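So the sequence shown is numbered by numbering that gives the first Met the number 0: it starts at 0 and just counts up by one.
Right, one structure below, let's go through it.
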Amino acid sequence: MHCLACHHRVAAGALCPRCGRRAPARGATDAGPAPTVPGFDVDGLLGAGGFAVVWEARDRHSGRPVAIKVARPGAEARLAREAALLRGAVTPAFGPRWLADGRARDGRRYVAMEHAGRDRLADRMARRDRAPIAAALAEIAAVADAVAAMHAAGLVHRDLKPDNLLLRPGGRACAIDYGLARAIAEPGAPADAPHPTLTATGEALGTPHYMAPELWGGAATAGPAADVYAVAAIAYELLAGHPPFCGDPVAIRHGHATGRPPPIAAACGLPAEVDAVLAVGLAKRPGDRPESAAAFAERLAAAVRAAARTPRTGAARRAGDGRRDGAAAPRPRDPVALVALHSDAPLPRIAAVAAGAGAVVARAGDALAVLAVTAPDTPAARVRAAIALARACVDALAPAGPVVVHAAAARVAGTPRGPRVAGAAVAGAESWHAAAPDAAVAITRDAAALVDADELRPARDGYATPAGVTPPSAPPEPPPLVGCHALLDRAAAALRVLPACAVLAGGRGVGKSRALDALAGRLADAGATVVRLRARPASGADPEDLARQLARAALDLGADEPADDAALDRAWRAAGADPPPPARAALAYTLGVRGAGDPDVAAVTAAPGALRPALARALAAAVAARASRSPLAVFVDDAHHADPAVLDALDLAAGDRGAQLAVAIAADPALDDVAPRWGARAARCERLVIEPLGDRDARALLRALLRPAARVPDAALAPLCELAGGVPAHLVELARGAHARGAIRRAAAGDGWELAADRIDGGDSATAGPDRLLARVAADARRGLPAPLVGLAELCAVLGAPISPERVAAAIAHLPAGDPLHVLDPAAGIDRLVARGALRGRPPRPRSPLWTRA
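Written out as structure tokens, the structure is:
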């Protein structure tokens with residue numbers, strides 16, 4: 000384990016050799032009874048992990064020490080594979096000698112191997128602050144030689160770490176624990192085939208501190224370069240005293256995926272070339288790493304032997320840019336549109352209505368409330384937005400008397416809580432409100448002068464009212480489905496060969512949910528029972544709620560029906576399913592039928608990581624049983640947020656050839672991090688990518704969104720479509736802004752509606768309600784990215800096309816020393832932004848002008 004304070008390796012319950020903090024004690028290990036194995040006498044427990052327990056023993060004939068590894072329940076297939084590798088591929092040049100394997104007297108699977116000693120590299124690291132340079136280089140060389148011999152024998156380990164490395168007398172290293180190893184020449188070997196007891200869907204392979212990026216998604220193609228990466232990570236820790244990436248599991252994962260290891264040469268008294276060698280060993284792309292572990296060790300040793308590091312010439316000075324934090328300076332006499340009304344509605348309600356239109360409360364606390372519209376760039380656009388806001392106030396706030404729109408100069412100051420608007424027109428609003436005519440919405444002469452005369456009808460005393468019948472204030476809901484009918488035809492065709500799966504993948508706002516709804520409608524029309532589920536982000540939802548919904552649907556338990564053991568047993572019998580006791584217990588525990596003290600539940604939860612696979616098996620049994628009786632279609636929206644146990648369950652159920660089951664999920668590209676091979680068990684799995692709309696379809700959707708306007712010139716649509724980048728959600732937002740600003744007006748001939756082209760050109764539309772539109776697009780973009788990538792996405796938006804690692808690195812070099820982007824690997828970060836849809840094409844470019852502005 001690693002120290003929680005300084006991240007140095009430390010033994011459980013011991014004092015950290017670097018900072019002196021005591022590490023938590025390890026909990027009691029349930030190793031089970033010692034095995035009885037023919038030909039060996041067991042002496043005692045040597046170690047225990049999540050999949051196996053290792054016992055110390057002696058060979059009865061030779062008296063030599065032996066290690067006997069016994070599989071835990073559910074891990075027998077994994078140990079059988081390891082035994083096969085030890086028997087046929089592992090040699091004493093890099094691993095322990097195989098002695099025997101089979102089943103102990105009580106039926107548990109075991110493998111007996113040479114006892115390679117107790118000198119674990121992890122224990123050495125836990126006893127010292129930092130290894131002497133010579134000792135560290137010797138240990139790195141020993142590990143690299145063993146790994147090179149392993150690769151020469153045709154094996155890749157995939158879980159190299161200090162705990163799995165023993166140091167023999169004479170300076171040789173021995174790698175142990177081949178549970179995740181596979182043959183290099185067999186990328187499609189059974190080790191990598193989907194199997195519920197080997198690697199669950201999307202389960203990461205290895206130990207986080209030392210895992211190459213390609214292993215995080217359970218990549219079946221990870222080869223020797225993954226082991227080279229692990230050797231480089233171990234070397235970094237030996238020299239620095241801590242791993243290259245530290246923190247919580249999420250931070251560690253993102254560090255390996257996109258981070259640059261912090262330089263350590265200067266702090267360790269080593270030449271700067273050492274940092275360069277370590278960086279190459281920890282390269283994100285396998286092809287960028289050294290060709291072998293031995294080559295890496297040789298380069299590292301050569302760098303250490305290089306000339307002494309150049310003396311430092313002094314600390315770099317940090318200079319500020321002369322700006323001060325805090326509120327922005329007031330902008331004098333900034334013209335705004337004001338809305339005044341009398342209402343008994345509480346202030347939070349008034350503020351909410353204002354915020355919905357991108358406005359702020361400029362004055363409240365007395366009988367008259369004044370709202371200010373500051374967002375659009377032009378005074379005319381502000382007045383139109385204020386008229387739309389006034390209509391919203393009439394509908395939502397039950398005002399007493401007219402809602403009056405006025406335009407006047409005012410002071411707008413930025414504050415941490417948003418714009419603050421003040422001025423004579425705000426303070427003296429009674430003067431222009433009280434004289435208004437008796438109308439739902441009245442417009443003062445100053446405001447009316449800023450918009451076209453045909454938009455208004457004259458009223459008394461210089462006031463006006465909005466002209467004509469009010470057009471819709473928002474686009475139709477839900478938006479029409481455009482541009483993906485061919486894709487839906489392919490998905491529906493795939494789901495006719497049961498059991499089958501379909502994945503609808505795409506970035507935020509491209510219409511995945513709408514497409515999933517349409518697909519569900521097609522299967523419902525074909526006679527299937529449809530179950531619709533939506534996953535929620537883990538931070539804002541009960542993580543087991545999705546599993547409970549699926550279980551209740553599959554077992555025909557009503558959503559509000561209280562569940563107890565008897566009801567659950569009846570449901571299992573009615574379903575005709577009989578899952579094993581651990582699976583039954585896991586589902587009962589998840590449904591709240593049994594507590595943690597139940598013996599069967601305790602047996603499942605005692606083994607680390609056993610609950611979720613057991614739950615997946617129970618859910619799979621329920622779904623498959625339900626689908627064996629009649630066609631069943633399960634749809635999961637936002638599946639990238641789904642509990643992996645639910646995804647595993649649906650994947651397992653789709654592998655039952657007797658199930659009349661169709662499963663379709665919609666997800667953003669993050670699904671590849673969670674479940675990269677989901678659906679592989681089904682008879683057929685169709686993976687479809689929903690791309691942004693082409694120009695023709697984007698225009699068709701925008702025309703539909705701008706109804707009832709019949710006359711919509713192409714010249715007005717072109718800049719909007721370009722701005723939206725073909726993303727339907729962005730088109731909806733732009734159309735919503737046009738409706739809210741009154742851009743849809745009565746046609747001059749009086750026969751229908753038209754779009755006022757002068758109000759929806761590219762420049763005006765981009766700034767119509769920018770606070771709401773751009774803030775929403777920016778929030779969506781940030782929500783779709785892991786925290787370490789947000790800053791990189793913002794930088795790419797500033798740089799513009801084309802995006803290259805060299806341009807990004809050059810820009811990062813100019814950022815302040817403490818900026819988080821300094822620890823990011825530009826090439827890996829760009830690749831991840833492309834994978835998540837934030838960047839597009841080769842060379843990459845920002846996804847759309849609207850995304851860039853946001």
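For glycine and all other residues, C-beta sits at the position ideal for the given N, C-alpha and C.
Fair warning: this is a prediction, and the values are worked out from it, not measured in the lab.
Taking all protein chains shown into account, D642 has 16 or more neighbouring C-beta atoms within 10 Å of its C-beta and is therefore buried.
Nearest to T257 by alpha-carbon distance, out of A834, P843, P848, I175, is A834. Around the Cβ of G836, a 10 Å sphere holds 16 or more other Cβ atoms; the residue is buried. When the Cα atoms are used, A79 and R119 turn out to be separated by approximately 24 Å. Within the DSSP bridge table, the entry for F39 names D58 as partners. Just so you know, the alpha carbons of P848 and L838 end up roughly 11 Å apart. Residue state for I175 is assigned as coil, using DSSP reduced to three classes. If you ignore the 5 residues before and after A51, its C-beta comes within less than 7 Å of the C-beta of K68, V69, A70, R71, A74, L78, all in its own chain and listed in chain order.
Counted as a single uninterrupted DSSP element, the alpha helix (DSSP H) harbouring P787 occupies residues 786 to 798. Of the residues P260, G94, G222, the one whose Cα lies closest to the Cα of Y235 is P260. I183 places its beta carbon 8 Å or farther from that of H156. Shown here for V276: same chain residues with a beta carbon closer than 6 Å to its own, the five before and five after excluded, namely R298, L299, A302 in chain order. In the structure shown, the three-state DSSP call for K68 is strand.
According to DSSP, R304 shares a beta bridge with no other residue. In this structure, the CA atom of A121 is about 14 Å from the CA atom of G46. About 7 Å separates the CB atoms of L660 and A623; that is less than 8 Å, so the two are in contact. Membership of E138 in the alpha helix (DSSP H) is indicated by the continuous run 132 to 151. For A490, the enclosing alpha helix (DSSP H) begins and ends at 484 to 493. Straight-line spacing of the CA atoms in G153 and G222 works out to 10 Å. Sorting R171, A115, G116, L165 by C-alpha distance to the C-alpha of A141 places R171 at the top. Contact annotation: R680 and D650 have beta-carbon atoms nearer than 8 Å. Of the candidates R459, R348, T373, H341, the residue whose Cα lies closest to the Cα of P401 is H341. In chain order, P207 place their CB closer than 8 Å to the CB of P248, counting only its own chain and leaving out the 5 sequence neighbours on each side.
Its chain contains H341 as the residues whose beta carbon lies nearer than 8 Å to that of A366, once the 5 sequence neighbours on both sides are disregarded; these appear in chain order.
Here DSSP, grouped into helix, strand and coil, assigns A88 to coil.
When DSSP states are grouped into helix, strand and coil, G101 belongs to the strand group.
No residue range can be given for M0, since it is assigned to no alpha helix (DSSP H) and is classified by DSSP as neither H nor E. Given a length threshold of 4 residues, each whole run of the alpha helix (DSSP H) inside the stretch 623 to 695 is given here in chain order: 643 to 653, 670 to 673. Contact annotation: T373 and V404 have beta-carbon atoms that are not nearer than 8 Å. Under the DSSP assignment, C245 falls outside any beta strand (DSSP E); it carries neither an H nor an E label. Shown here, E753 sits in a strand according to DSSP, grouped into three states.
Burial state of S291 is buried, judged by a 10 Å Cβ sphere holding 16 or more other Cβ atoms. Within the same chain, Cβ atoms closer than 6 Å to the Cβ of C245 are found at H6, the five residues on either side in sequence being excluded. Close CB contacts of I829 within its chain, under the 7 Å cut and outside five residues either way in sequence, are with I802, P804, V807, L838, P843 (chain order). Annotated as distal: R507 and D655, with beta-carbon spacing of 8 Å or more. With a 10 Å radius around the Cβ and a threshold of 16 neighbouring Cβ atoms, V359 comes out buried.
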